[in-house]
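**Student:**
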Amino acid sequence: MALIPMALFLVMDKYRANLQARLGEYHFIANDAETSGGTADGLTVFLANSDGSVVDTRVYWDDATYLSGSSILPDGELASTSAGKHTWGNFTSDSIGNNAYIDTYVYGLASSYTALTAIVSDDVLQTGIDGTLSTPQSSSPGSSFTISVTEPDNNILPASIETLSVVVVNGTTAEQEQLTLTETGVNTGIFEVSFATTDIAGAGTNNDGDMNVQSGDTLTSTYQDQLDSTGASVDVTTDTEIVGVAAGGSSLISSSPTSIVADGSSTSTITVQLKDVSGTNLVSGGDTVVLSESAGSLGIVTDNGNGTYSATLTSGTSTATVTITGTVNGGAITDTASVDFVAGAAVVGTSQITASPTSIVADGSSTSTITVQLKDANGNDLISGGDTVVLSESAGSLGVVTDNGNGT
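Here it is as structure tokens:
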């Protein structure tokens, strides 16, 4: 068990503990402070340097919490302003500052952190539920996106809407934002925040709730799961890529394979990789891509949801070099792809034999060149060698058959 103020005991369970660190608190105590000005600007505190100069600082007055005054400045005011100066009383014996010690204080920045704390016995391992962190795979400069954490362990008070923290770091500029996520409803265990970005180069101010981004930046979000299913404290991270809108001038079209048989059924996959104007790959879908072919037939373009789009090209029955062109959101993609429709296997029924000349003198020495042009089933000329061709003659004599390496 644990003892908390008012002598209340906590049983073994998980609790939320709020820790606060405050830097540089300084106090100045004045006696009979009513003499410091009456109704005019009164006492204040400046930060003094070793050379005797002073620096403006924030001053925090409070004579209302424990005294009978009316001034309280929980957020502080600058010492150089009227609001940062104060006087007590009106030079009468019954005024608040008469013969009283008044404590005036200043301090630096304060930081609070809420930690999930478990009260356990020495021999019991406390385990939790694995938290999940969700961010979009990509976002565009200047837009906002939702960061979501599902963490039942942080749903400590079922009747209250609670909060937790996520840190986002820009991997390019090192700018950092600590965000507070709010539970979406009572007892949901789901925490969300809308995170804003600004389309500006260079790092902005840390922890101001808005991050400067440019195309090509990677934003890494980190949530500390203080008690996972193994009883450990682990960091859960996700990345969000910052990309611009699709640009036809930098997007690419490719084909695989780049050569298929002109048989009316062979296929090649045509892929479009969309990029923004800086050449960064888009990693999500939603754009409109249209493809066109100079021969064969293209199927429906599929949005793969990751910045790529694909379609299937089916060959025709004639050899050709096919050019694939495209548009994105109505604008031309300057890159193109090509696919060669090539002849299939040699077929006897379509191949041809010719003689040149077709007439020679029967003198035992005159010659004619016999040429075989191999063709596939669709009558397309083969353009490479490797086949075995045997010729026979009814008279005269034939020499050795030569493979010319070009389908003849």
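Per the working numbering, the sequence shown starts with residue 56, numbered consecutively.
Ideal placement from N, C-alpha and C gives every residue a C-beta, glycine not left out.
Values in this document were obtained by computation on a predicted structure and should not be read as measured data.
For L453, count neighbouring C-beta atoms within 10 Å of its own C-beta (all shown protein chains included) and say buried if the count is 16 or more, exposed if not.
**Tutor:** Here residue 453 refers to the residue found at position 398 when the sequence shown is read from its first residue. Flag for L453 reads exposed.
**Student:** Helix, strand or coil: which one does DSSP assign to N433?
**Tutor:** On the sequence shown, position 378 is the one that residue 433 refers to. Coil.
**Student:** If you draw a straight line from the C-alpha of T239 to the C-alpha of I216, how long is it?
**Tutor:** As a working note, residue 239 is residue 184 in the sequence shown. As a working note, residue 216 is residue 161 in the sequence shown. About 8 angstroms.
**Student:** On the CB-based measure, 16 or more other CB atoms within 10 Å of its CB, does I355 come out buried or exposed?
**Tutor:** Translated into the one-based positions of the sequence shown, residue 355 becomes position 300. I355 comes out exposed.
**Student:** Exposed or buried, P213, counting other C-beta atoms within 10 Å across all chains shown (16 or more means buried)?
**Tutor:** To locate residue 213, count along the sequence shown from 1; it is residue 158. Under this definition P213 is an exposed residue.
**Student:** By DSSP, does S352 sit in helix, in strand, or in coil?
**Tutor:** What you label residue 352 is simply residue 297 of the sequence shown in a count that begins at 1. Here S352 sits in strand by DSSP.
**Student:** Measuring only the C-alpha atoms, how far is A251 from T322?
**Tutor:** Taking the sequence shown and counting its residues from 1, one reaches residue 251 at position 196. Taking the sequence shown and counting its residues from 1, one reaches residue 322 at position 267. The straight-line gap from Cα to Cα measures roughly 45 angstroms.
**Student:** Distance check for I408 and A427, CA to CA, integer angstroms please.
**Tutor:** As a position in the sequence shown, residue 427 is number 372, starting the count at 1. As a position in the sequence shown, residue 408 is number 353, starting the count at 1. The residue asked about is misnamed: residue 427 is Val in this sequence, not Ala. Roughly 4 angstroms separates the two Cα atoms.
**Student:** For E230, count neighbouring C-beta atoms within 10 Å of its own C-beta (all shown protein chains included) and say buried if the count is 16 or more, exposed if not.
**Tutor:** Stepping through the sequence shown from its first residue, residue 230 is reached at position 175. With 16 or more Cβ atoms within 10 Å of its Cβ, E230 is classed as buried.
**Student:** Just to confirm, is the Cβ distance from L446 to I425 under 9 angstroms?
**Tutor:** Here residue 446 corresponds to residue number 391 of the sequence shown, with the count starting at 1. Here residue 425 corresponds to residue number 370 of the sequence shown, with the count starting at 1. Taking 9 angstroms as the Cβ cut-off, L446 and I425 qualify as a contacting pair.
**Student:** Going by DSSP, name the residue or residues bridged to F101.
**Tutor:** Stepping through the sequence shown from its first residue, residue 101 is reached at position 46. According to DSSP, which records beta bridges pairwise, F101 is partnered with nothing at all.
**Student:** When the Cα atoms are used, what is the spatial distance from S189 to F396?
**Tutor:** Along the sequence shown, read from residue 1 onward, the residue named residue 189 stands at position 134. Along the sequence shown, read from residue 1 onward, the residue named residue 396 stands at position 341. Roughly 46 angstroms between the two C-alpha positions.
**Student:** Quick one, are the C-beta atoms of A432 and G462 less than 9 angstroms apart?
**Tutor:** Taking the first residue of the sequence shown as position 1, residue 432 is located at position 377. Taking the first residue of the sequence shown as position 1, residue 462 is located at position 407. Result no, Cβ atoms of A432 and G462 do not sit closer than 9 angstroms.
**Student:** When you compare only the Cα positions, how much space is there between T293 and S199?
**Tutor:** Locating residue 293 in the sequence shown gives position 238, where the first residue counts as 1. Locating residue 199 in the sequence shown gives position 144, where the first residue counts as 1. In a straight line, the C-alpha of T293 is about 16 angstroms away from that of S199.
**Student:** For the region 356 to 366 against the region 277 to 291, do three or more pairs of beta-carbon atoms, one drawn from each stretch, fall closer than 8 angstroms, so that the two count as touching?
**Tutor:** With the cut-off at 8 angstroms, the region 356 to 366 and the region 277 to 291 do not touch.
**Student:** Kindly say whether V456, judged by its beta-carbon, lies nearer than 9 angstroms to any beta-carbon of chain C.
**Tutor:** Absent from the structure: chain C. Only one protein chain is present.
**Student:** Ignore the nearest five residues each way along the sequence and tell me which others in T237's own chain have a CB closer than 6 angstroms to its CB.
**Tutor:** Position 182 of the sequence shown, counting from 1, holds the residue named residue 237. Closer than 6 angstroms at Cβ, skipping near neighbours: T218.
**Student:** Taking G441 as the reference, give the member of T457, V332, V327 and S373 with the closest Cα.
**Tutor:** For the purposes of this step, residue 441 is taken as residue 386 along the sequence shown, with counting starting at 1. Answer by Cα proximity: T457.
**Student:** Cα-Cα, which of V221, I297 and D436 is closest to V332?
**Tutor:** Working through the sequence shown from its first residue, we reach residue 332 at position 277. It is I297.
**Student:** Tell me the residue span of the beta strand (DSSP E) that contains A387.
**Tutor:** Within the sequence shown, the letter at position 332 stands for residue 387. Element bounds for A387: G386 to V397.
**Student:** Determine the burial state of S91: buried for a count of at least 16 other Cβ atoms within 10 Å of its Cβ, exposed for fewer.
**Tutor:** Reading the sequence shown from its first residue, position 36 is the one you call residue 91. Residue placement at S91 is flagged as unreliable, the pLDDT there being 49, under the threshold of 50; the coordinate-derived value follows with that caveat. Buried, since its Cβ has 16 or more Cβ neighbours within 10 Å.
**Student:** Given a threshold of 16 other Cβ atoms within 10 Å of its Cβ, counted over all protein chains shown, does T413 qualify as buried or as exposed?
**Tutor:** As a position in the sequence shown, residue 413 is number 358, starting the count at 1. Exposed: under 16 other Cβ atoms inside 10 Å.
**Student:** Grab the span of the beta strand (DSSP E) containing G381 for me, first residue to last.
**Tutor:** On the sequence shown, position 326 is the one that residue 381 refers to. Run containing G381: A375 to V383, per the beta strand (DSSP E) assignment.
**Student:** When you compare each of S220, T201 and Y115 to L98 by their alpha carbons, which one comes out closest?
**Tutor:** Indexing the sequence shown from 1 puts residue 98 at position 43. For L98, the nearest C-alpha among the options comes from Y115.
**Student:** Please determine, among S406, A450 and G131, the residue with the shortest C-alpha to C-alpha distance to D418.
**Tutor:** As a first step, residue 418 must be located in the sequence shown, where it is residue number 363. The option with the nearest alpha carbon to D418 is A450.
**Student:** Tell me which same chain residues have a C-beta within less than 7 angstroms of the C-beta of E132, skipping the five on either side of it?
**Tutor:** In the sequence shown, counting from the first residue as 1, residue 132 sits at position 77. Closer than 7 angstroms at Cβ, skipping near neighbours: R113, V114, A138 and G139.
**Student:** Within the continuous beta strand (DSSP E) that includes E296, where are the two ends?
**Tutor:** As a first step, residue 296 is located in the sequence shown; it is residue number 241 there, counting from the start. Looking at the DSSP string, the run of the beta strand (DSSP E) that includes E296 is V289 to I297.
**Student:** Express the C-alpha separation of A401 and N435 in angstroms, rounding to a whole number.
**Tutor:** Within the sequence shown, residue 435 is the residue found at index 380, counting from 1. Within the sequence shown, residue 401 is the residue found at index 346, counting from 1. Taking the straight line from one Cα to the other gives about 9 angstroms.
**Student:** Relative to the alpha-carbon of Y364, which residue among L346, S373 and A350 has its alpha-carbon at the smallest distance?
**Tutor:** As a first step, residue 364 must be located in the sequence shown, where it is residue number 309. Of L346, S373 and A350, the residue nearest in Cα terms is L346.
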